[in-house]
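To start, the structure under review is shown below, and the notes come after it.
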C-alpha cells in the first residue's frame, strides 16, 4: 500500500499546468494531523506510548534514582544481603537481591538503559542503510538492484542467530560494537520494503511530473519518494527496535552480548537461571521488563500504522 | 512446471556460494588464529613448528586458494575435524541435527494447529472482545522472549509442580524407547518455540479469511443455505490456506535460530547447543559447517516452498 502525501513544487505545478485556470483545491488537514487525531482515539496505543516514555525517562534518570532514591549503586555488592526476598521496607530490595547482594531493581533500571540504547542505536544504523540502499535499488533498478537483492537474499538465508553467535564469539563485542554488529546485519527487511515502495512510487504521476520539469535523480529520490516512504518506515522502525531488543537480550542471555558487570536484561536472566533454586524471584523482573518494552513498541507500530491508513484498521 | 523448478533451483546456486564466501571471510577476519588455538596448552612450540603446522594445513597459501580448497571439500561433504573433539564434523552434526529438526517440526505443527483456528475465530468474531483477546495473545506471543518463557515454564511447571522434567531429551536410566518420557521432555521446548509461530499464523489467517469472506463464492455458499461454520471452515479456510505456504519457509529460519536459545535453556542436545558450545571454544570447523549446512537446508526449504506454491497456484509460475 502507498500513503499519498502532498508533495510540494513538482506535482502542484504539474496540476496547475494541466488544469489551466482552475484554482487548486485548498489544502485539507495533512497526513500527520489526520493520523494524530485518529491516534488520539486509540486508547491502547496511547497507553503503550505513555509506558514507553516512562521507561525511557526511568532509563535516563537511572543514575539519579540509584543515588538519591534507592541509595544503592548498580555495582554495589553485599554478600550479607544476598538472596533477599522482595520486600517493601527498603526501596533497594523492592525486587529482592541477587547472589552477590546486588539490588535487583537498580540493576533493572540500568538494564533499561542498555536495552533501549542498543535497540534504538542498531535501528538507526539499519534504517539508514535500508533507506539508502532501498531507494537507490528501487529507483535505478538494473545491476545495482540485482546486487542489492542478491546480498539481502544471502543474508536472509543464514539463520540470523547463528551468524550473530559466530561474530559475537570471534569479536567479543562491547556495547558499542554490539550496536554496530546488530545494525550491520539487520538491514535486509527495511531495504526490501523501501525498494518495493520505491518501485511503485517511481511510476506515479508526481514523480513523472518532477522528471518533466527537470528534477534530478537525487531530488526525486529525496524530496519526492522519501517523504512518501517515510511514514511506513517509521511504523516499521518501532517493530524493528522491538525485534532488536529481543535479539540483544537473547545474545546477552547466551553470554555473548553485553557482559557482566554491566547489567542488561538478558545477562540478568543468565544469572537468574543459574540461581533458579535459591532466588526464583530474580527470573520475573528482567523478563517482564523485556516483554513490556517490546510489547509497547509493537503496539505503537500497529497503532500508528492504523492511524496513518484507516483502510488497514483492524475493526 | 519442470522449467519453473529448474529456474528456481538455479537461482539458489549463487546464493549458496555467497553464503560460503561470507562464512569464509568472517572466519578469516577473526582476530583469533586457528593454529595458536590448536596448539593451546602445549608448551615449547618454536616458531618453526608453527610455520610447519601452517604449511600442513595450507594456511600459508593465498586466501582465494584457501577458499577454493575449503569449498572443494565442503561440496563433497567433508567439513574436516573438530579441533576439540578430534572427530569428523559431519558425524557430530549428523548426531545433533535430527534432534533440532524434531523440535522445529513439532513447533511448526503446534503453531499451525493452534494459530490457524485462532485466526479463523478472530475473523469470524471480528471487532468483538474475542477478536481483541486473540489480537493481544498474538502481540504478546511476538514480544515475549522465548528463553524467559522457557525459564518460567521450568520454574512453575517443572520445579514447583513437578509436572515435567527440567531439561534434557530423556530420563537417564529409563528405556530410551519410552515415548511418554520423550514427549514429556518435549513439551516445554516445543511450546516455547511455537509461540512466535502461533502469533504469526493467527494474525495471517485473520487477514486472509477476512479477504476471502468478501468474495463471490462465499456469498454463493451462504445463499445456498450453508451454515456459517461450514462456509468458514470448508469454503473460506481452504482458499485462505494457500498464501500460508509462503509464510512457512520464513518460519523455519526463525525456528532454527530460536532453537539456539531454547536448546540452551532446556539442555536439549541439538545443533543449536552444539554450535553455541563450539563457538565459545572457538572450534572453527564445527561452526563453519553448521552455518553452511543450516543455510543450505534453508535454501532448500525456500525452493520447496516456492515450488509448492507454484503447484498450488499456477499463476505464480508465470513470474
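Chains as they are written, first to last, in the working numbering: chain A, 1 to 315; chain B, 1 to 319.
Every residue, glycine too, gets a C-beta built ideally from N, C-alpha and C.
Predicted model only: the values in this text are computed from it and were never measured.
Measuring alpha carbon to alpha carbon, tell me which residue in A:309, A:290, A:297 and A:306 is nearest residue 145 of chain B.
A:290
Return the residues of the stretch 184-201 of chain A that lie within a Cβ-Cβ distance of less than 8 angstroms from chain B, sorted by chain order.
none
Alpha carbons only, please: which of A:206, A:295, A:285 and A:309 is nearest the one belonging to residue 85 of chain A?
A:285
Is it buried or exposed for residue 185 of chain B, if we count other Cβ within 10 angstroms and need 16 for buried?
buried
Name, going along the chain, the residues of the stretch 280-307 of chain A whose beta-carbon falls closer than 7 angstroms to a beta-carbon of chain B.
280, 283, 287, 290, 291, 294, 295, 298 and 299
Taking the DSSP output, what are the residues bridged to residue 88 of chain B?
B:81
Could you tell me which whole alpha helix (DSSP H) segments of length 4 or greater appear in the stretch 205-240 of chain A?
205-212
Within the same chain, show all residues whose beta-carbon is closer than 6 angstroms to that of residue 199 of chain A, passing over the 5 residues directly before and after it, in chain order.
If we look at residue 199 of chain A and ignore the five residues flanking it on each side, its Cβ neighbours are 138.
Here's the rule: buried if 16 or more other CB atoms are within 10 angstroms of the residue's CB, otherwise exposed. What is residue 128 of chain A?
Exposed, since its Cβ has fewer than 16 Cβ neighbours within 10 Å.
Spatial neighbours of residue 288 of chain A within its chain, please: C-beta separation below 6 angstroms, excluding the five flanking residues on both sides.
Result list for residue 288 of chain A: empty, nothing under 6 angstroms.
Consider the Cβ of residue 15 of chain B: report whether some Cβ of chain A lies at a distance smaller than 9 angstroms.
yes
Is the CB-CB distance between residue 271 of chain A and residue 257 of chain A below 9 angstroms?
no
Which residues in the same chain as residue 324 of chain B place their Cβ atom closer than 7 angstroms to its Cβ, once the five residues preceding and following it in sequence are excluded?
Residue 324 of chain B cannot be examined here, being either before or after the span of chain B that is shown, 1 to 319.
If you scan the stretch 207-290 of chain B from start to end, which runs of the alpha helix (DSSP H) of 4 or more residues do you find wholly inside it?
Runs found: 216-223, 237-241, 244-265 and 271-280.
Among A:108, A:69, A:143 and A:98, which residue has its Cα nearest to the Cα of residue 90 of chain A?
When only C-alpha atoms are compared, the closest one is A:69.
Taking only three categories from DSSP, how would you classify residue 97 of chain A?
strand
Given a threshold of 16 other Cβ atoms within 10 Å of its Cβ, counted over all protein chains shown, does residue 73 of chain B qualify as buried or as exposed?
Answer is exposed; the Cβ neighbour count stays below 16.
Within 9 angstroms of any Cβ in chain A, is that where the Cβ of residue 18 of chain B sits?
So, interface residue.
Comparing C-alpha positions only, which one of B:233, B:300 and B:304 sits nearest to residue 15 of chain B?
B:300
For residue 140 of chain B, which option in B:217, B:23, B:195 and B:84 has the closest C-alpha, if you only look at C-alpha atoms?
B:195
Indicate whether residue 317 of chain A and residue 154 of chain B have their beta-carbon atoms separated by less than 9 angstroms.
In the structure as shown, chain A begins at 1 and stops at 315. Residue 317 of chain A is therefore absent and cannot be evaluated.
Below 8 angstroms, how does it come out for the stretch 107-123 of chain B and the stretch 304-316 of chain B: are there three or more Cβ pairs, yes or no?
no
For residue 68 of chain B, is the classification buried or exposed, using 16 other Cβ atoms within 10 angstroms of its Cβ as the cut-off for buried?
Label assigned to residue 68 of chain B: exposed.
Output yes if chain A places a C-beta closer than 9 angstroms to the C-beta of residue 290 of chain B; else output no.
yes
Does the structure place the stretch 210-228 of chain A close enough to the stretch 152-165 of chain A that three or more beta carbon pairs sit under 8 angstroms?
no
How many angstroms separate the CA atom of residue 12 of chain A from the CA atom of residue 210 of chain A?
In this prediction, residue 12 of chain A scores a pLDDT of 43, lower than 50, which makes its location untrustworthy; no coordinate-derived value is stated.
Starting from the beta carbon of residue 273 of chain A, find every residue of chain B whose beta carbon is closer than 8 angstroms, and list them in chain order.
151 and 265
For residue 165 of chain A, go through chain B and note every residue whose CB falls closer than 7 angstroms to its CB, in chain order.
260, 275, 276 and 279
Tell me which residues share the same chain as residue 177 of chain A and place their Cβ nearer than 7 angstroms to its Cβ, disregarding the 5 neighbours each side in the sequence.
171
Does the beta carbon of residue 282 of chain B sit closer than 9 angstroms to a beta carbon anywhere in chain E?
Judged by its chain identifiers, the structure shown contains no chain E, and its protein chains are A and B.
Quick one, which of A:245, A:140, A:207 and A:243 has its alpha-carbon nearest residue 228 of chain A's?
A:207
Nearest-angstrom Cα distance between residue 80 of chain B and residue 290 of chain B?
12 angstroms
Can you pull the chain B neighbours of residue 242 of chain A, defined as C-beta to C-beta under 9 angstroms?
142 and 143
Rounded to the nearest angstrom, how far is the Cβ of residue 257 of chain B from that of residue 84 of chain B, given a contact under 8 angstroms?
Actually they are not in contact, since the Cβ atoms of residue 257 of chain B and residue 84 of chain B sit about 24 angstroms apart, beyond 8 angstroms.
Specify, as a first and last residue, the run of the alpha helix (DSSP H) that residue 164 of chain B falls within.
Looking at the DSSP string, residue 164 of chain B is not in any alpha helix (DSSP H), and its letter there is neither H nor E.
Just how far apart, CA to CA, sit residue 116 of chain B and residue 183 of chain A?
33 angstroms
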